[in-house]
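Visitor: Here you go, one structure.
Residue numbers (this note's numbering), protein chains in the order written: chain A, 15 to 304; chain B, 363 to 721.
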């Protein structure tokens, strides 16, 4: 087919260009703008170059928050992925109970983040919360406002409660799509339950599981609302994750330059990890395709 | 290896079957003799796969018993029955290599690694996949995957029976023939009891010593290919086996004569006066085209030359009658009468064959 050359055709992409500019590029550029400038107030800015980036790279506070963030994401992935798969494996396959399970399990997913935070904030309180009061009544010293471990456990259990359903639902969908013949063949081949999981179920749900891991990684890496409502980042800085720290820096201290540099680095990390996931996932697809 | 006995076996997929029509497999008594190769032939949905799954234990029957060598296994799970079964569509373990796929059933039984190695090599040679043994099963073509499934079915030597559920559906025709031959030679070599489900009569007739024909959840006839051809016990067997199938005509029978739409036809043998819906069935091979005044008046619709012989398709008062004519024989325009060779005439009452009297 012969294509006619008409440079005016470039104008056709103008609407998309405008849309993307307003939705992504321009807001992002303001952040970039802040990250390379400094101010003494009165809306007077001057050029600072890469100074803020260098400051942030040397900032112990940023590294600590990043460390906590990585620890948090790792722990919840290590709990939610196996637990979600386990739940999915044990859910009824069809009928009334299957539907009931699906509805009950989607409930936590429908609750707004700050409400989840509030629920657990109240639930865990030592004076009026069912969990906190009961634990202390039976002699376990639990107080998420004072104790490092109590705070971490509360935040992690909350995230597991909120999001394991997502992993379970995705894994369940993957399991449902496995034809019966595979299970029948496994019985014929006298495969053990573990072999069935290892050689049939796991390979077949790998695709959806990768999506689940990616979603849970991104969401947990950007988590803000729930721990902010429950612990406010405390006690001390012990549950101050990247987002919480960023907000403190940008809005609390009004350190726009460092906060902007921080945001950009934060953004690049998420972009990088997502890219790695994307590459791994498309490679998995390619192997399947042939 | 074992003799498999089915006692009053029946299966319904509904929990509370109310009538006979609820049963996918109607009551059945049958012995599968140890070491024989059977073909289970029937159209789709006639209960073939149900029967197979009952034997392998993937389904448990609504009633009746299944015995392996007189040991009751009716409620035993599949893994305890030591049965090999190959399904219609390929099932392979994607993440394993071809070699591991073939070795899998042996490893699950804890076989000796050296034995596994030799046996896998042997099976790979049989299915022609020695070159691809170390490739991942993922990404192979459908027929390669099906060959792996077949190989996995054949890899255990001590199985009680080998069940095949239309295993060659996805295999291309040339390979089909080759694999069928392999299965036959495997049968000769090891003498496994084999049950081969198919809806393809050529496959059934070439594979098996005995062919079991099923229709509407019931076994209608079991016999050698020759018996099925010469004396179909049910009109379905007549239709289903043979190419084209048997000609079946409504008739009134008394003694050794049949009256078909006003024309007298000799039957060769005495049948008395059968009750019910009476039909006469004659295979196209025993149907002759003649000129003159004798026989059923027909109009020739078309003649198909299939190479070894010609098939003449004719119309007799709205019913199709097919005739097989030898290749060299001439078909003249005035040949518009059909007569039957009495050696190949069968009489049916309510679709079941009536045995001639005094034989």
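Heads up, the beta-carbon is just placed ideally off N, CA and C, and yes, glycines get one too.
Small disclaimer: the values here were computed from a predicted structure and weren't measured.
1) Below 7 Å between beta carbons is the criterion; list the residues of the region 450–482 of chain B that meet it against any residue of chain A, in chain order.
2) Taking the beta carbon of residue 719 of chain B as the centre, do at least 16 other beta carbons fall within 10 Å, making it buried, or is it exposed?
3) Please confirm whether residue 112 of chain A has its beta-carbon closer than 9 Å to some beta-carbon of chain B.
4) Looking at chain A, is there any beta carbon in it that lies within less than 9 Å of the beta carbon of residue 444 of chain B?
5) Which same chain residues end up closer than 7 Å to residue 465 of chain B when comparing Cβ atoms and leaving out the 5 residues on each side of it in sequence?
6) Are the CB atoms of residue 182 of chain A and residue 117 of chain A within a distance shorter than 9 Å?
7) Quick check on this structure: which residue in B:407, B:415, B:607 has the alpha carbon closest to the alpha carbon of residue 195 of chain A?
8) Compile a chain-ordered list of the residues in the region 499–522 of chain B whose CB is closer than 7 Å to at least one CB of chain A.
9) According to DSSP, is residue 711 of chain B part of a helix, a strand, or is it coil?
10) Taking the C-alpha atoms as reference points, what is the distance between residue 303 of chain A and residue 456 of chain B?
11) Express the C-alpha separation of residue 227 of chain A and residue 93 of chain A in angstroms, rounding to a whole number.
12) Under 8 Å from any heavy atom of the ligand ATP, does the C-beta of residue 528 of chain B make it?
13) Please report how far the alpha carbon of residue 16 of chain A lies from the alpha carbon of residue 255 of chain A, in whole angstroms.
14) Quick one: list the residues of chain A neighbouring residue 447 of chain B, beta-carbon separation under 8 Å, in chain order.
15) Please state the DSSP three-state secondary structure of residue 572 of chain B.
16) Note down the Cα distance separating residue 378 of chain B from residue 104 of chain A, rounded to an integer number of angstroms.
17) Residues in the same chain with beta-carbon distance under 7 Å from residue 703 of chain B, minus the five sequence neighbours each way, listed in chain order, please.
18) Can you tell me which of the three DSSP states residue 577 of chain B falls into?
19) Are residue 570 of chain B and residue 587 of chain B closer than 9 Å when you measure CB to CB?
20) Assign residue 241 of chain A to buried or exposed, taking buried as 16 or more other Cβ atoms, counted over all protein chains shown, within 10 Å of its Cβ.
21) State buried or exposed for residue 614 of chain B, treating a residue as buried only when at least 16 other CB atoms are found within 10 Å of its CB.
22) Checking 9 Å against the spacing of the C-beta atoms, do residue 387 of chain B and residue 428 of chain B come in under that value?
23) Would residue 420 of chain B and residue 201 of chain A qualify as a contact pair, given that the criterion is a beta-carbon distance under 9 Å?
24) Should residue 422 of chain B go down as buried or exposed, given a rule of 16 or more other Cβ atoms within 10 Å for buried?
25) Would you verify that the beta carbon of residue 213 of chain A is, or is not, closer than 9 Å to some beta carbon of chain B?
26) Which parts of the region 195–277 of chain A are runs of the alpha helix (DSSP H), unbroken and 4 residues or longer, counting only runs that do not cross its ends?
27) Apply the 10 Å Cβ neighbour rule to residue 383 of chain B and answer buried if 16 or more other Cβ atoms are within range, or exposed otherwise.
28) Could you tell me which of B:583, B:612, B:606 sits nearest to residue 599 of chain B, measuring between CA atoms?
29) By DSSP's criteria, residue 609 of chain B is part of a beta bridge. Which residues make up the other side?
30) Is the CB of residue 661 of chain B under 9 Å away from at least one CB in chain A?
31) To test your reading of the DSSP string, which unbroken beta strand (DSSP E) runs of 3 or more residues are found completely within the region 668–695 of chain B?
32) Mind checking if residue 625 of chain B is an interface residue toward chain A, Cβ cutoff 9 Å exclusive?
33) What residues in its chain sit with their C-beta under 7 Å from that of residue 348 of chain B, if we drop five residues either side in the sequence?
34) Since residue 185 of chain A meets chain B, which of its residues come closer than 9 Å, beta carbon to beta carbon?
35) Is residue 440 of chain B helix, strand or coil when you go by DSSP?
36) Do residue 275 of chain A and residue 61 of chain A have their beta-carbon atoms positioned less than 9 Å apart in this structure?
Guide: Reading off the structure:
1) In summary, the residues of the region 450–482 of chain B whose CB is separated from some CB of chain A by less than 7 Å are 451, 453, 455, 456, 457, 458, 466, 467, 470, 471, in the order they occur in the chain.
2) To locate residue 719 of chain B, count along the second chain from 1; it is residue 357. Answer is exposed; the Cβ neighbour count stays below 16.
3) Here residue 112 of chain A refers to the residue found at position 98 when the first chain is read from its first residue. No, because no Cβ of chain B sits closer than 9 Å to the Cβ of residue 112 of chain A.
4) Start at 1 with the first residue of the second chain, and residue 444 of chain B comes out as number 82. Yes, its Cβ sits closer than 9 Å to a Cβ of chain A.
5) Here residue 465 of chain B is taken as the residue at index 103 of the second chain, counted from 1. Once the five neighbours on either side are set aside, the close Cβ partners of residue 465 of chain B are 478, 482.
6) Counted from its first residue, the first chain places residue 117 of chain A at position 103. Counted from its first residue, the first chain places residue 182 of chain A at position 168. For residue 117 of chain A and residue 182 of chain A, no; Cβs fall outside 9 Å.
7) Against the first chain, residue 195 of chain A aligns to sequence position 181. Per the Cα distances, B:415.
8) 500, 501, 514
9) Within the second chain, numbered from 1, the residue matching residue 711 of chain B stands at position 349. Note: residue 711 of chain B maps to strand in three-state DSSP.
10) Numbered from 1 along the first chain, position 289 holds the residue referred to as residue 303 of chain A. Numbered from 1 along the second chain, position 94 holds the residue referred to as residue 456 of chain B. Only weak support exists for where residue 303 of chain A lies, its pLDDT of 47 falling under 50; the value from the coordinates is given anyway. The straight-line gap from Cα to Cα measures roughly 12 Å.
11) As a working mapping, residue 93 of chain A is identified with position 79 in the first chain. As a working mapping, residue 227 of chain A is identified with position 213 in the first chain. Their backbone Cα atoms lie some 11 Å apart in a straight line.
12) Looking at this structure, you won't find the ligand ATP or any other ligand, since it has none at all.
13) Within the first chain, numbered from 1, the residue matching residue 16 of chain A stands at position 2. Within the first chain, numbered from 1, the residue matching residue 255 of chain A stands at position 241. So the two alpha carbons sit approximately 56 Å from each other.
14) Looking up residue 447 of chain B in the second chain gives position 85. Within 8 Å Cβ-Cβ: 198, 199, 202.
15) Start at 1 with the first residue of the second chain, and residue 572 of chain B comes out as number 210. Correct three-state label for residue 572 of chain B: strand.
16) For this step, residue 378 of chain B is matched to residue 16 along the second chain. For this step, residue 104 of chain A is matched to residue 90 along the first chain. Roughly 27 Å separates the two Cα atoms.
17) Here the question's residue 703 of chain B lines up with position 341 in the second chain. Around residue 703 of chain B: 648, 650.
18) The sequence position of residue 577 of chain B within the second chain is 215, counting from 1. Note: residue 577 of chain B maps to strand in three-state DSSP.
19) Locating residue 570 of chain B in the second chain gives position 208, where the first residue counts as 1. Locating residue 587 of chain B in the second chain gives position 225, where the first residue counts as 1. For residue 570 of chain B and residue 587 of chain B, yes; Cβs fall inside 9 Å.
20) As a working note, residue 241 of chain A is residue 227 in the first chain. Label assigned to residue 241 of chain A: buried.
21) In the second chain, counting from the first residue as 1, residue 614 of chain B sits at position 252. Label assigned to residue 614 of chain B: exposed.
22) Counting from 1 along the second chain, the entry for residue 387 of chain B is found at position 25. Counting from 1 along the second chain, the entry for residue 428 of chain B is found at position 66. Not closer than 9 Å, so no.
23) Within the second chain, the letter at position 58 stands for residue 420 of chain B. Within the first chain, the letter at position 187 stands for residue 201 of chain A. In contact: residue 420 of chain B and residue 201 of chain A (Cβ atoms closer than 9 Å).
24) Taking the second chain and counting its residues from 1, the one referred to as residue 422 of chain B is at position 60. With a threshold of 16 other beta carbon atoms within 10 Å, residue 422 of chain B falls short and is exposed.
25) Sequence index remark: in the first chain, residue 213 of chain A carries index 199 (1-based). True, the Cβ-Cβ gap to chain B drops below 9 Å.
26) 216–235, 239–244, 256–261
27) Within the second chain, residue 383 of chain B is the residue found at index 21, counting from 1. Exposed is the call here.
28) The sequence position of residue 599 of chain B within the second chain is 237, counting from 1. Considering only alpha carbons, the answer is B:583.
29) In the second chain, the residue the question calls residue 609 of chain B occupies position 247. Its beta-bridge partners are B:644.
30) Walking along the second chain from the start, residue 661 of chain B turns up at place 299. Put simply, the CB of residue 661 of chain B is far from chain A, with every gap to its CB atoms at 9 Å or more.
31) Complete beta strand (DSSP E) runs here, min 3: 671–678, 681–688.
32) As a first step, residue 625 of chain B is located in the second chain; it is residue number 263 there, counting from the start. So, not an interface residue.
33) Chain B is shown from 363 up to 721; residue 348 of chain B falls before or after that span and cannot be answered.
34) Position 171 of the first chain holds residue 185 of chain A. Per Cβ cutoff of 9 Å: no residues; residue 185 of chain A is ~17 Å from chain B at best.
35) Walking along the second chain from the start, residue 440 of chain B turns up at place 78. Correct three-state label for residue 440 of chain B: helix.
36) Within the first chain, numbered from 1, the residue matching residue 61 of chain A stands at position 47. Within the first chain, numbered from 1, the residue matching residue 275 of chain A stands at position 261. For residue 61 of chain A and residue 275 of chain A, no; Cβs fall outside 9 Å.
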